[in-house]
Amino acid sequence: MDNKVDIFDTTLRDGEQVPGCGLNKEEKIIIARALEGLGVDVIEAGFPISSPGDFESVRAIAENIKNPTVCALSRAVEKDIETAADAIKRAARPRIHTGLGTSDQHIFTKLKSTREKVIERGVAAVKLARKFVEDVEFYAEDAGRTDNEYLAQVIQAVVKAGATVVNIPDTTGYCLPEEYGQKIKYLVDHVDGIENVTISTHCHNDLGLATANSIAGVQNGARQIECTINGCGERAGNTSLEEVVMIMRKHRWLPYTTNIVTEQLNPISRLVSKTMGMPVQPNKAIVGANAFAHSSGIHQDGVIKNRENYEIMDPKEVGVDESSIVLTARSGRAALSYRIKKLGIEVPAEESDTIYEKFLELADRIKLVSDQDLKELLSQNLATSSH
Ligand code: KIV
Ligand code: ZN
Numbered sequence: 397m398d399n400k401v402d403i404f405d406t407t408l409r410d411g412e413q414v415p416g417c418g419l420n421k422e423e424k425i426i427i428a429r430a431l432e433g434l435g436v437d438v439i440e441a442g443f444p445i446s447s448p449g450d451f452e453s454v455r456a457i458a459e460n461i462k463n464p465t466v467c468a469l470s471r472a473v474e475k476d477i478e479t480a481a482d483a484i485k486r487a488a489r490p491r492i493h494t495g496l497g498t499s500d501q502h503i504f505t506k507l508k509s510t511r512e513k514v515i516e517r518g519v520a521a522v523k524l525a526r527k528f529v530e531d532v533e534f535y536a537e538d539a540g541r542t543d544n545e546y547l548a549q550v551i552q553a554v555v556k557a558g559a560t561v562v563n564i565p566d567t568t569g570y571c572l573p574e575e576y577g578q579k580i581k582y583l584v585d586h587v588d589g590i591e592n593v594t595i596s597t598h599c600h601n602d603l604g605l606a607t608a609n610s611i612a613g614v615q616n617g618a619r620q621i622e623c624t625i626n627g628c629g630e631r632a633g634n635t636s637l638e639e640v641v642m643i644m645r646k647h648r649w650l651p652y653t654t655n656i657v658t659e660q661l662n663p664i665s666r667l668v669s670k671t672m673g674m675p676v677q678p679n680k681a682i683v684g685a686n687a688f689a690h691s692s693g694i695h696q697d698g699v700i701k702n703r704e705n706y707e708i709m710d711p712k713e714v715g716v717d718e719s720s721i722v723l724t725a726r727s728g729r730a731a732l733s734y735r736i737k738k739l740g741i742e743v744p745a746e747e748s749d750t751i752y753e754k755f756l757e758l759a760d761r762i763k764l765v766s767d768q769d770l771k772e773l774l775s776q777n778l779a780t781s782s783h
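Per the working numbering, the sequence shown runs over residues 397 to 783.
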């Protein structure tokens with residue numbers, strides 16, 4: 397099996413469902429262009445039936461984006477599928493993403509239907525979508541809580557009906573990584589013709605397992621990961637694009653590749669955060685403000701001696717200029733003199749103890765010492781200073 401994993405970005409659809417973070421057409425086009433520059437394979441541009449504005453956004457993205465596949469979401473409903481097809485008809489590579497719930501929870505209490513009827517609806521949806529486009533992705537909503545035997549029957553039926561990609565969402569973020577991986581493996585082992593379609597992961601982060609589950613899916617045969625920039629999305633969000641990409645790139649045990657230009661990860665993270673008005677938590681992996689910041693004395697000393705003592709990736713690889721040595725009351729002498737040197741200032745050896753003490757007093761008071769604070773401290777306390 398080929399080890400290339402397709403990156404399906406759904407920032408503009410599932411990601412944009414964050415309350416208060418909806419995007420207008422112009423904003424969506426800007427992000428879609430940045431996603432194209434990032435090298436994603438598929439952009440899920442929106443849910444065209446949901447509103448006239450989203451229809452227009454999907455249409456504009458379909459017209460403006462050339463390399464990635466442009467995908468539109470629909471329910472397994474005739475009008476939805478026709479509207480999705482209309483919105484993406486000018487795309488260079490159009491895809492319709494259609495499907496419905498397959499867990500007993502969804503079948504009986506949401507769809508008020510039966511297992512048999514759900515299979516019929518899924519098959520009819522795929523067949524209709526195939527009349528408009530060659531590339532049809534089927535999603536089995538809440539597959540995470542769907543029993544594997546029935547899930548395999550559903551997937552078997554939609555593959556036969558012409559689905560080219562089968563999406564196995566852990567919609568509620570419920571699965572454990574091993575359980576999700578086994579689910580994918582069960583499909584690989586029990587669905588005839590599965591080797592001719594792409595299996596996709598689509599994991600939510602309700603228990604903080606979206607990234608781990610997506611990787612487990614790939615290790616068991618999935619070759620597409622659905623994810624969002626910064627892991628944004630409804631509730632606790634979706635699988636974070638930057639995390640899965642860097643796991644596959646950095647981990648020596650994993651043979652998988654993607655087309656992502658990783659140097660774009662931080663710039664696009666900032667773009668999405670700013671456009672959505674959704675701050676990124678400082679300790680977020682890869683793109684958080686503290687992802688390459690070292691503040692404790694022991695770590696700082698280690699990083700100054702050799703960056704790899706405390707970093708498993710080069711910040712430049714993900715678009716961050718350099719690691720930062722931040723000055724707090726937990727910082728040591730090595731960090732202080734490193735930062736002073738960076739300012740181009742020399743502290744005579746006989747004054748270094750006093751400067752360090754003054755620095756600790758200041759750091760205890762103000763918590764984070766900036767370059768400006770440091771310059772002021774030196775000009776006030778260095779006997780020999782002309783600063
Ligand atoms: O989480 C989910 O199940 C979804 C589907 C609509 C693909 O977002
Ligand atoms: Zn989702």
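Every residue gets a Cβ at the ideal spot worked out from N, C-alpha and C, and that includes glycine.
This one's a predicted model, so the numbers in the text were calculated from it and none came from an experiment.
> Does DSSP put Ser636 in a helix, a strand or coil?
Replying inline: strand
> Nearest-angstrom Cα distance between Ala687 and Asn563?
Replying inline: 31 Å
>> Please identify the residue among Leu661, Ile664, Leu496 whose C-alpha is closest to the C-alpha of Leu469.
In response: Leu496
>> Nearest by alpha-carbon distance to Leu637: which of Glu747, Gly673, Ala681 is it?
In response: Ala681
> Quick one: is the Cβ of Glu412 within less than 7 Å of any heavy atom of the ligand KIV?
Replying inline: no
> CB of Tyr535 to nearest heavy atom of the ligand KIV: below 7 Å?
Replying inline: yes
> From which residue to which residue does the alpha helix (DSSP H) around Val699 run?
Replying inline: 693 to 701
> Using a Cβ-Cβ cut-off of 7 Å (strictly less than) and excluding sequence neighbours within five positions of Arg541, which residues of its own chain qualify?
Replying inline: Ser499, Gln501, Thr568, Tyr570
>> Could you tell me the alpha carbon to alpha carbon distance between Ser665 and Asp402, rounded to whole angstroms?
In response: 19 Å
> Which residues mark the beginning and the end of the alpha helix (DSSP H) in which Ala525 is found?
Replying inline: 511 to 528
>> Would Arg574 and Asp410 be called neighbours here (beta carbons separated by less than 8 Å)?
In response: Note that residue 574 is Glu in the sequence shown here, rather than Arg. In this structure, Asp410 does not lie closer than 8 Å to Glu574 by Cβ.
> What's the call for His783, buried or exposed, on a 16-neighbour Cβ count within 10 Å?
Replying inline: No answer about His783 holds up, because its pLDDT of 47 lies below 50 and its placement is not dependable.
> Are any of the Cβ atoms in chain C nearer than 8 Å to that of Ser720?
Replying inline: This model lacks chain C altogether, as it is built from one protein chain only.
> Can you give, in chain order, each stretch of the alpha helix (DSSP H) that sits fully within the segment 477 to 509 and has at least 4 residues?
Replying inline: 500 to 505
> Which class does Asp410 belong to by DSSP, given the choice of helix, strand or coil?
Replying inline: coil
>> Between which residues of its own chain and Ala487 is the CB-CB distance below 6 Å, once the five residues before and five after are set aside?
In response: Ala458, Val466
> Where does Ala548 sit, in a helix, a strand or coil, going by DSSP?
Replying inline: helix
>> Residues in the same chain with beta-carbon distance under 7 Å from Asn399, minus the five sequence neighbours each way, listed in chain order, please.
In response: Pro651, Tyr652, Thr653
> Does the segment 724 to 743 come within contact of the segment 702 to 713, defined as at least 3 CB pairs closer than 8 Å?
Replying inline: no
>> For Ala420 and Gln620, I'd like the C-alpha separation in whole angstroms.
In response: Residue identity check: residue 420 is Asn in the sequence provided, not Ala. For Asn420 and Gln620, the distance between alpha carbons rounds to 27 Å.
> In three-state DSSP terms, what is Ala430?
Replying inline: helix
> What do you get for Gln696, buried or exposed, if any count of 16 or more other CB atoms within 10 angstroms of its CB means buried?
Replying inline: buried
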